[in-house]
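Trainee:
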Amino acid sequence: MSDLVKIEIITRQKKFEELKEALNSIGVAGMTVTQVLGCGLQKGKTEIYRGASYSIDLLPKVKIDMVVPDSSTDEIISITKKVCATGTIGDGKIFVSPVAKVIRIRTGEEGPDAL
Amino acid sequence: MSDLVKIEIITRQKKFEELKEALNSIGVAGMTVTQVLGCGLQKGKTEIYRGASYSIDLLPKVKIDMVVPDSSTDEIISITKKVCATGTIGDGKIFVSPVAKVIRIRTGEEGPDAL
Amino acid sequence: MSDLVKIEIITRQKKFEELKEALNSIGVAGMTVTQVLGCGLQKGKTEIYRGASYSIDLLPKVKIDMVVPDSSTDEIISITKKVCATGTIGDGKIFVSPVAKVIRIRTGEEGPDAL
Amino acid sequence: METHEFVTAIDTIWVLLAAALVFFMQAGFAMVETGFTRSKNAGNIIMKNLMDFSIGSLTYWIVGFSIMFGISSNGFIGNMNLLSTGSFEHLGLTVPKEAFLIFQTVFCATAATIVSGAMAERTKFNAYLIYSFFISLIIYPVVGHWTWGGGWLDGLGFMDFAGSTVVHSVGGWSALMGAWIIGPRIGKYTKDGKAIAIPGHSLTLGALGVFILWLGWFGFNPGSTLSGMASNDIAHIFVTTNLAAAAGAFITMVITWLRYGKPDVSMTLNGALAGLVGITAGTDVVSAVGSVAIGLIAGVTVVFGIEFIDRVLKVDDPVGAIGVHGICGAVGTVSVGLFAVDGGLFYGGGLQLLFVQVLGVFAVALWTLATSFIVFKTIDSTIGLRVPEEEEVKGLDIEEHGIESYADFQVKGISMTN
Amino acid sequence: METHEFVTAIDTIWVLLAAALVFFMQAGFAMVETGFTRSKNAGNIIMKNLMDFSIGSLTYWIVGFSIMFGISSNGFIGNMNLLSTGSFEHLGLTVPKEAFLIFQTVFCATAATIVSGAMAERTKFNAYLIYSFFISLIIYPVVGHWTWGGGWLDGLGFMDFAGSTVVHSVGGWSALMGAWIIGPRIGKYTKDGKAIAIPGHSLTLGALGVFILWLGWFGFNPGSTLSGMASNDIAHIFVTTNLAAAAGAFITMVITWLRYGKPDVSMTLNGALAGLVGITAGTDVVSAVGSVAIGLIAGVTVVFGIEFIDRVLKVDDPVGAIGVHGICGAVGTVSVGLFAVDGGLFYGGGLQLLFVQVLGVFAVALWTLATSFIVFKTIDSTIGLRVPEEEEVKGLDIEEHGIESYADFQVKGISMTN
Amino acid sequence: METHEFVTAIDTIWVLLAAALVFFMQAGFAMVETGFTRSKNAGNIIMKNLMDFSIGSLTYWIVGFSIMFGISSNGFIGNMNLLSTGSFEHLGLTVPKEAFLIFQTVFCATAATIVSGAMAERTKFNAYLIYSFFISLIIYPVVGHWTWGGGWLDGLGFMDFAGSTVVHSVGGWSALMGAWIIGPRIGKYTKDGKAIAIPGHSLTLGALGVFILWLGWFGFNPGSTLSGMASNDIAHIFVTTNLAAAAGAFITMVITWLRYGKPDVSMTLNGALAGLVGITAGTDVVSAVGSVAIGLIAGVTVVFGIEFIDRVLKVDDPVGAIGVHGICGAVGTVSVGLFAVDGGLFYGGGLQLLFVQVLGVFAVALWTLATSFIVFKTIDSTIGLRVPEEEEVKGLDIEEHGIESYADFQVKGISMTN
Ligand SMILES: Nc1ncnc2c1ncn2[C@@H]1O[C@H](COP(=O)(O)OP(=O)(O)O)[C@@H](O)[C@H]1O
Ligand SMILES: Nc1ncnc2c1ncn2[C@@H]1O[C@H](COP(=O)(O)OP(=O)(O)O)[C@@H](O)[C@H]1O
Ligand SMILES: Nc1ncnc2c1ncn2[C@@H]1O[C@H](COP(=O)(O)OP(=O)(O)O)[C@@H](O)[C@H]1O
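Protein chains in written order, with this note's numbering: chain A, 1 to 115; chain B, 116 to 230; chain C, 231 to 345; chain D, 346 to 763; chain E, 764 to 1181; chain F, 1182 to 1599.
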């Protein structure tokens, strides 16, 4: 079962819809999405509220987790780059990590069949 | 320390309380819970709001992360299946992945003792 | 690329600002932050609302995910312990797990360069 | 310009502005009921409140008004005139009939809207509309006829100045019947019958609602003089209304602090309403000191009343409507028999008035419980009263109305409570 | 103390309290408009509403009032007196000039504030302020002069008692022009032109706003008698206003239930407003039955009107302001020609009045569309009307005002809708 | 029916409806104060507002009213009559005593409730209740006696028509003292003393509160004539009240735009309140132009005043209560000496009035600061004024009241700000 990986994509919220469509179109059906806050090279900004400074230094991002067969990794990465790369700081990251086991709760199926 | 794994359970929100009780009863004390949105085989639905279509295609789910000794994995999986399987689409998934290290911040304990 | 790890820190919300500053000061620029609920040794409490009992048994926590070179792990762990350890139950945990691949979406850079 | 024209003008202005304030209580109810329940049902509650008032206004105009104020042949029900036509001269009003009609309309709607809170989060929308139609059509107008329309209770000397019983208890007892028949929300009681708190989604809106209701009561009670010329009366009513509310809120805070260890915000808000409901019957005939006493009694009653309903009767009333309107309405009405400066037991008036008050309270309770039992049971056994379990879990907003009330906000799917 | 002093006192009290209620409609608009739009723009909408009223109050006092009510030389525009000075004796008021001024000020502000909802979530703040200045300065006062200031429409016998056309349609047509010129919000239409729902962030606040507006209408319509002595009239106006609103809400619920499968909460709230806007023109001259008819017509109109604007015209009006105020204002005004007990077609009055009503509706629409076209186009081609795309995505609150309106709450960044 | 009965009726109606509007300001304060602070303390603030009014109503009735309006033996304090009994004939009222009592009660509660905003998010609930008791018992009634109860300031010709100083500054200076003694919220200042913004949790509710307060002011100022017969006066007061508020909001927007680069929503909302507080003292004696001038002055003052308090004094006032009520109350009162058409410096009236106004402002400030210092210091050194740090971090709702105000919503635990 070393052939399963988890792909985590952290990117801009406004790219999410398009990315979801794109992933669906290459057959990635299942995903789990979390609202996160991030910082990286892209920094927040400072506003003034009632005369006092108000700095926002974590930016809202969206995280998409997919467990997929390792063989799909490259396609997913390339399509993500296509959709989410705007060329400006804050586009985000893709992390790939090993998964040992997958179970579908409903049926008890395991491994790639469970995806 | 290869004997530690992270078990991620993604399931319906309404099953959460029961699952937590069940896990507690087999000695899983620690867990971290996140509200997520998911899509898989189960699709959203379309409503009409003020005459315009309004489609909800991500469904609210709950994700439970537990880092546990690998030896508990099977028991946790089986109890999760028992509690969360309704037999209808949307019951969710269990992912198991390797963890290299665990530290309890308070005491600095490492490994299984830190759980 | 076995030299990359993901460090997950789950700790008290009120420690977050200080921890972020501390991590920045040792050069960790990128992180992804999620609001989570947790339970462990620290238990919730029971209040009375309109005469009925109202028990809060998941506590709000913050989860910080960082993908970093394995070589930074020890420094991050030690600084986290310094900032977040209050000695009372509920300080939280650090989990370290392997990451196979990292891609910066903007540039397509891979591996440590992408961090 | 003749004298009576001035009297008419002053009385009409008074009644109409009071009607506007009482109308605004609909917003108060809407905010209290949504604020004290969960966000997934907010749109549904709002819709029920809006329809209570809309259907109620139409129904009461078409039929209810004349049932309530038509000439009484038997002391039980007025002669019906469709569309509120006819003279109604027998009422001897100093204000135009239409001023009286609108004032009575907003009162009727108040009684109707009380129920939505007690049955919130699990009642089918169409089922609720049917109930709402019947309370405005018949349940409330008949009680109104007995008391204010020249009916038998009026004949006995029953005193319910602005409707502790006529309006609030009618709403409260219907709420009790509805909440009892429909059963508790999923998760409200543990298997061994322990009551579990299901906190509301916005205490702020709930509090806003209470302030709006308190404001509306400055129309509800003083407007019931139907006369702006009665300067001393309306001034006195303002004072007693306010003191009772203040006393109710204060004592509720104290009691919850003692009983639960901390002063309970939402119960204290209920306490203010309890004081208001309690004073409504006797606001014109008790002294300022008497009004404080009634406020204190109502405040104490509401805490134990709500607990009793919740823990002993195991009737699930998310907003405390039965305790506030039903029980405190009854207690306030009976209190008139004790505290009326003229005729009350504590002022040497003997037991006569007290007895009539108790009788009135029971008669109205009986009528309301019986008729609402019939309505709710009939609905239940035909189209069904309660939404399916799956819908209750997901929320009535999405299932009954296809919306989320707070589409932008991340709602806690799993509660932090169990 | 002489008789006329009492008349003045009673009329003044009436007009001032009505003005206070109409003022409160600003809160109603603010809640409806924020509630029905997204949380990221809430602060911006509030600011626009607040400035509509503030700039409007100042502008109308400095110039607008005299344009509207100054002596008419030509039936088109009044003689200007800066700062509302001068006698205005030709108006023959029974109330002090300043009572009349404040009442008219809050009316003007109502017309102005309608537009912010239709152009919400994408209009630059400074651009909006400029528009807001011009509607209070000239667009609204001129229409007011035609109708209420002794101008040409008044001369023809045009009947618009409290402003279905003068106030609501002026706001509604300006809203149409503004929303059309600025274009739809990002994401409102798919590439193939299908309308996509963008749900509001708080139905509860939206509903609160509607209740507040309904309350305000009890000042808007009955206050327009300018006399508290007119007891029968004001009582009648209360009844017709309320029945039309109730009928509007009820029928809208029914229609959305039939058309969309579920009763739509936010549309039903619009339905109540539609009834209110519709009855405003004829509230004093139609019967109770007539008011129900007008409410029903307005309720039906608003559903199809909003759909038409949304799907056919493809004009994006987040809160339904054009349908509610523009279209229902027109329909209500025309209905006077049908339902006026004295002069209406259905009461044997012939086509005369109906014709004048239609003429008035068109004349006002033409003037308003033309002048607001000029204003919006000029703004657009100079400082620009619309915020940059990036800003619209992030929200106007953070970009135009440097704040988040709900800093504590986790806002859904990705919607659950697409 | 005699003439004086009509006068009494008209005046009573006026005073009572004004009292109802002023009562509603409690809802306004509750919304502004919760909206401008964090969600974790919303229930606590609501509870404080509710108790301010409840305890205040009882205390003022039992003792405060007679201290304020009892016969003055020495110009400093009235003769006490428990429970507001006694004749009060020396006041020469045209309205029933109880109408006057309720009107004064809601004024007293206004002064009391101002403080909760300034001390929000860190004050122990029981400590707050004790303070609240004392302001209604003695601090406010004594100032009221000096000015409105026939006391020494009244004797000198001090003019504070509706209470810029008597009500608002008393609240404002108490707020200053309380906020200063209790110290800033955790995180409000960096180690090097820089002020950090802690944004409120709902600008929408804050704005609703401001609109409600503005509405309430149409009772606060015109009601202070205590006469509905004074047609010209009440109409004039409506106009000046409204213009000052509009001018205050407008200029605040402009100044924040210039100073901070963007128009600040919450400060502009404060600006409207600043205009209202400022005009309150002279609303009857300044011209419309004068009211605009006072509104502009108040609007400018509030921005720099709030900044001064925040950055220079380093007193943490979450809602800006000290700037709005304390400073603008003082500025407005002094402005009467400049702008009073009869007696003001700018109208050739010389320095006499101006001097008295300044004296009054200082005398009241001194009394209020001194007495509130004693109250807060005594509380602090006995039961303690401030909640423990841990509780402040978690929020007062859960620790003081055992609830979450928004149990359904995911609240940001970590702020996006630092
Ligand atoms: N090392 C990291 N570990 C975890 N998350 C990261 C890391 N670096 C970046 N992120 C996430 O990616 C987001 C975008 O990163 P950023 O550096 O701003 O963009 P880019 O890499 O495109 O220049 C951040 O807001 C953060 O959520
Ligand atoms: N490959 C995947 N990777 C990540 N999350 C997934 C994946 N497949 C499913 N999920 C999560 O599991 C949830 C349930 O999946 P679904 O396919 O609807 O149910 P089932 O597997 O029981 O038929 C989804 O909403 C999503 O959050
Ligand atoms: N085994 C675990 N797996 C995942 N998360 C855990 C685990 N144990 C603890 N946590 C997380 O860490 C938080 C703190 O743990 P707790 O046991 O209360 O503190 P401590 O370890 O400092 O005594 C919990 O609220 C939970 O979110």
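Here a beta-carbon is modelled for each residue, glycine too, at the ideal position from N, C-alpha and C.
Just list the alpha helix (DSSP H) runs in the region 673-705 of chain D, keeping only unbroken ones of 4 residues or longer that don't cross its boundaries, in chain order.
Mentor: Here the runs fully enclosed are 673-684.
Trainee: Under 8 Å: do the region 357-368 of chain D and the region 540-555 of chain D share three or more Cβ pairs, one atom per stretch?
Mentor: Touching, no.
Trainee: If contacts are defined as beta-carbon pairs under 8 Å, then Gly1222 (chain E) and Ser1029 (chain E) qualify, I think. What distance do you get, rounded to the angstrom?
Mentor: No answer is possible for residue 1222 (chain E): it lies beyond the span of chain E, which begins at 764 and ends at 1181.
Trainee: Just how far apart, CA to CA, sit Leu115 (chain A) and Ala200 (chain B)?
Mentor: When rounded, the distance between both Cα atoms is 16 Å.
Trainee: Kindly provide the ranges of any alpha helix (DSSP H) runs that are 4 or more residues long and lie completely inside the region 421-509 of chain D, ordered along the chain.
Mentor: DSSP runs (the alpha helix (DSSP H)) wholly in the region 421-509 of chain D: 442-463, 470-479, 485-493 and 497-501.
Trainee: Three or more C-beta pairs closer than 8 Å, one from the region 1013-1021 of chain E and one from the region 901-917 of chain E: is that the case here?
Mentor: Because the criterion of three Cβ pairs below 8 Å is not met, the region 1013-1021 of chain E and the region 901-917 of chain E do not touch.
Trainee: Report buried or exposed for Asp1497 (chain F), applying the criterion of at least 16 other Cβ atoms within 10 angstroms of its Cβ.
Mentor: Classification of Asp1497 (chain F): buried, given that the 10 Å Cβ count is 16 or more.
Trainee: Note down, in chain order, every chain B residue with its Cβ under 8 Å from the Cβ of Ile748 (chain D).
Mentor: Those within 8 Å of Ile748 (chain D) in chain B are Glu162, Tyr164 and Tyr169.
Trainee: What first and last residue would you give for the alpha helix (DSSP H) that runs through Val1592 (chain F)?
Mentor: Where Val1592 (chain F) is concerned, there is no enclosing alpha helix (DSSP H), given that its DSSP letter is neither H nor E.
Trainee: Quick one: does the C-beta of Met31 (chain A) sit closer than 7 Å to a heavy atom of ligand 2?
Mentor: Yes, the beta carbon of Met31 (chain A) sits closer than 7 Å to at least one heavy atom of ligand 2.
Trainee: How should Gln1115 (chain E) be labelled, buried or exposed, when 16 other C-beta atoms within 10 angstroms of its C-beta is the threshold for buried?
Mentor: So Gln1115 (chain E) counts as exposed.
Trainee: Does Gln265 (chain C) come out as helix, strand or coil in the three-state DSSP assignment?
Mentor: Of the three classes helix, strand and coil, the one that applies to Gln265 (chain C) here is strand, per DSSP.
Trainee: How far does the alpha helix (DSSP H) with Pro290 (chain B) in it reach, from first residue to last?
Mentor: For residue 290 (chain B) there is no data in the structure shown, the boundaries of chain B being 116 and 230.
Trainee: Tyr49 (chain A): which of E:Glu1167, E:Arg948, E:Asp923 and E:Phe1102 sits nearest, CA to CA?
Mentor: Of the listed residues, the one whose Cα sits closest to Tyr49 (chain A) is E:Glu1167.
Trainee: What are the residues of the region 1261-1294 of chain F that lie near chain E, defined by any Cβ-Cβ distance shorter than 7 Å?
Mentor: Against chain E - using a Cβ distance shorter than 7 Å - the region 1261-1294 of chain F contributes no residues.
Trainee: My understanding is that Ala790 (chain E) touches Ile1508 (chain F), with C-beta atoms under 8 Å, so please give their C-beta distance in whole angstroms.
Mentor: Not quite, the Cβ-Cβ distance comes to about 26 Å (not below 8 Å), so this is no contact.
Trainee: When you check each C-beta in the region 21-36 of chain A against every C-beta of chain E, which residues fall closer than 8 Å?
Mentor: Cβ contacts with chain E: Val33 and Gln35.
Trainee: Please work out which residues of its chain come closer than 6 Å, Cβ to Cβ, to Gly1471 (chain F), disregarding the five sequence neighbours upstream and downstream, and give them in chain order.
Mentor: Cβ within range, chain order: Phe1520.
Trainee: Going along the region 577-593 of chain D in order, which residues come within less than 7 Å of chain F, judged by CB to CB distance?
Mentor: Going along the region 577-593 of chain D in chain order, one finds Asn577, Ile579, Ala580, His581, Phe583, Val584, Asn587, Leu588, Ala591 and Ala592 with a Cβ nearer than 7 Å to chain F.
Trainee: Check Thr762 (chain D) in the structure and name its three-state DSSP category.
Mentor: With a pLDDT of only 39 at Thr762 (chain D), under 50, the local geometry of the prediction cannot be trusted, and no value is derived from it.
Trainee: Helix, strand or coil: which one does DSSP assign to Leu119 (chain B)?
Mentor: It is a strand residue.
Trainee: What is the DSSP secondary structure of Glu277 (chain C), reduced to helix, strand or coil?
Mentor: DSSP places Glu277 (chain C) in strand when its eight states are reduced to three.
Trainee: Using only the heavy atoms of ligand 1, determine whether one of them is closer than 7 Å to the beta carbon of Asp343 (chain C).
Mentor: Checking the Cβ of Asp343 (chain C) against ligand 1 gives no.
Trainee: Should the region 1219-1239 of chain F be called in touch with the region 1405-1424 of chain F, which here means at least 3 C-beta pairs below 8 Å?
Mentor: They do not touch, by the three-pair rule.
Trainee: Determine the DSSP secondary structure at Lys101 (chain A), reduced to helix, strand or coil.
Mentor: Strand.
Trainee: Taking its Cβ as the centre, do 16 or more other Cβ atoms sit within 10 Å of Ser71 (chain A), making it buried, or is it exposed?
Mentor: Looking at its Cβ environment, which holds fewer than 16 other Cβ atoms inside 10 Å, Ser71 (chain A) is exposed.
Trainee: If you measure between the beta carbons of Thr800 (chain E) and Pro1081 (chain E), is that distance less than 8 Å?
Mentor: Against a cut-off of 8 Å, the Cβ pair of Pro1081 (chain E) and Thr800 (chain E) comes out as a contact.
Trainee: If you measure between the beta carbons of Val878 (chain E) and Ser937 (chain E), is that distance less than 8 Å?
Mentor: Yes, Cβ-Cβ distance for Val878 (chain E) and Ser937 (chain E) is below 8 Å.
Trainee: Tell me which residues of the region 363-380 of chain D have at least one Cβ-Cβ distance to chain I shorter than 9 Å, keeping chain order.
Mentor: This model lacks chain I altogether, as its protein chains are A, B, C, D, E and F.
Trainee: Are the C-beta of Ala85 (chain A) and some C-beta of chain C separated by less than 8 Å?
Mentor: Yes, Ala85 (chain A) counts as interfacial toward chain C.
Trainee: Could you check what DSSP says for Ser285 (chain C) in three-state terms: helix, strand or coil?
Mentor: Three-state result, Ser285 (chain C): strand.
Trainee: Are the C-beta atoms of Lys14 (chain A) and some chain E residue less than 8 Å apart?
Mentor: Closer than 8 Å: yes.
Trainee: When the distance is taken between beta carbons, is Leu289 (chain C) closer than 8 Å to Ile267 (chain C)?
Mentor: Before going on, a small fix: residue 267 (chain C) reads as Leu here, not Ile. Closer than 8 Å, so yes.
Trainee: Give the secondary structure of Ser1383 (chain F) by DSSP, where H, G and I count as helix, E and B as strand, and everything else as coil.
Mentor: Looking at Ser1383 (chain F) - three-state DSSP - the assignment turns out to be coil, as it is neither helix nor strand.
Trainee: I want to see whether chain E comes within less than 8 Å of Val1592 (chain F), judged by CB atoms only; does it?
Mentor: True, the Cβ-Cβ gap to chain E drops below 8 Å.
Trainee: Going straight from the alpha carbon of Lys275 (chain C) to that of Ser285 (chain C), what length do you get?
Mentor: If I take the Cα positions, the gap works out to 6 Å.
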